[in-house]
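Read through the structure below, which is laid out as structure tokens, and then see the notes.
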Amino acid sequence: MSLIPDWAPNLHPLFVHFPISLLLVAAVVDSVGAYRPSRASVRDTATWLYCGGALMAMAAYFSGLEAAQAMRVGPVESAAVTAHFTWADRTTWFFVVFASFRMAMSYIWHSTTRWVVIASVLVALGGVGMLAAAAERGGGLVFHHGLGVARIPSDGALWTIPGRSPAEPAP
Numbered sequence: 314m315s316l317i318p319d320w321a322p323n324l325h326p327l328f329v330h331f332p333i334s335l336l337l338v339a340a341v342v343d344s345v346g347a348y349r350p351s352r353a354s355v356r357d358t359a360t361w362l363y364c365g366g367a368l369m370a371m372a373a374y375f376s377g378l379e380a381a382q383a384m385r386v387g388p389v390e391s392a393a394v395t396a397h398f399t400w401a402d403r404t405t406w407f408f409v410v411f412a413s414f415r416m417a418m419s420y421i422w423h424s425t426t427r428w429v430v431i432a433s434v435l436v437a438l439g440g441v442g443m444l445a446a447a448a449e450r451g452g453g454l455v456f457h458h459g460l461g462v463a464r465i466p467s468d469g470a471l472w473t474i475p476g477r478s479p480a481e482p483a484p
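Heads up: the sequence shown begins at 314 in the numbering used here, then just goes up one per residue.
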């Protein structure tokens with residue numbers, strides 16, 4: 314018995330929306346907290362949302378990587394998958410590092426200095442821009458190319474991470 318529902322081609326569609334929502338809510342909570350930087354509870358709530366979003370981003374990243382490497386795509390789709398992979402890769406690891414920084418900010422430094430909080434919010438908003446770029450490209454894979462939702466006949470090769478041969482294991 315498979316844990317994946319019949320309608321889902323793989324785990325990626327089950328994970329992908331969680332990091333988007335968690336990271337967007339984290340940025341909103343963080344922005345609200347910038348008006349009252351002395352409120353540690355708001356800062357810490359945003360920190361935990363960033364951590365949850367980063368963990369779910371890793372789940373979406375690795376499930377998407379596995380799904381992409383199992384699909385045959387033509388050259389146009391391959392370029393689109395590569396663009397999505399590139400943005401997802403950058404965004405995932407950005408938020409992993411940023412969530413780690415936020416844990417230090419909340420629980421080691423206990424920083425409530427306004428300029429630190431505002432700088433953190435601005436960096437987070439940059440990450441949200443990266444998230445939007447990855448999501449835009451992922452949405453294009455589904456809604457423009459039909460990947461993951463419809464069987465697309467392709468005589469193309471299996472997609473691989475740029476710069477790797479198909480036989481090399483994923484990171």
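Every residue, glycine too, gets a C-beta built ideally from N, C-alpha and C.
Just the C-alpha distance for residue i and residue j, rounded to the nearest angstrom, thanks.
| i | j | result |
| --- | --- | --- |
| Met418 | Arg349 | 16 Å |
| Phe375 | Asn323 | 11 Å |
| Ala412 | Ala401 | 16 Å |
| Ala347 | Ala383 | 44 Å |
| Ser406 | Leu327 | For the record, residue 406 in the displayed sequence is Trp; it is not Ser. Cα to Cα, the separation comes out at about 20 Å. |
| Phe331 | Val436 | 21 Å |
| Ala445 | Gly452 | 10 Å |
| Leu362 | Thr426 | 20 Å |
| Ala470 | Gly387 | 7 Å |
So which of the options has the shortest CA-CA distance to residue i?
| i | options | result |
| --- | --- | --- |
| Gly440 | Val341, Val355 and Pro318 | Val341 |
| Ser433 | Pro332, Arg356 and Pro326 | Arg356 |
| Ser473 | His423, Trp361 and Val394 | Note that residue 473 is Thr in the sequence shown here, rather than Ser. It is Val394. |
| Val455 | Val409, Pro475 and Glu390 | Glu390 |
| Ala353 | Ala372, Trp422 and Val462 | Trp422 |
| Val429 | Leu335, Leu316 and Ser351 | Ser351 |
| Ala396 | Thr426, Leu378, Ser344 and Thr425 | Leu378 |
| Phe408 | Ala380, Ser344, Ala321 and Ala367 | Ala367 |
| His458 | Ala392, Ser344, Val329 and Leu471 | Ala392 |
Taking the alpha helix (DSSP H) that residue i falls in, what are its first and last residues?
| i | result |
| --- | --- |
| Ile431 | Arg427 to Phe456 |
| His423 | Element bounds for His423: n/a, residue is neither H nor E. |
| Trp361 | Ala353 to Gln382 |
| Pro326 | His325 to Phe328 |
Just to check my reading of the structure: residue i and residue j have Cβ atoms closer than 8 Å, yes? What is that Cβ distance to the nearest angstrom?
| i | j | result |
| --- | --- | --- |
| Thr404 | Met443 | 4 Å |
With 9 Å as the threshold, decide whether the Cβ of residue i is near any Cβ in chain C.
| i | result |
| --- | --- |
| Pro350 | Note that chain C does not occur in the displayed structure, where there is just one protein chain. |
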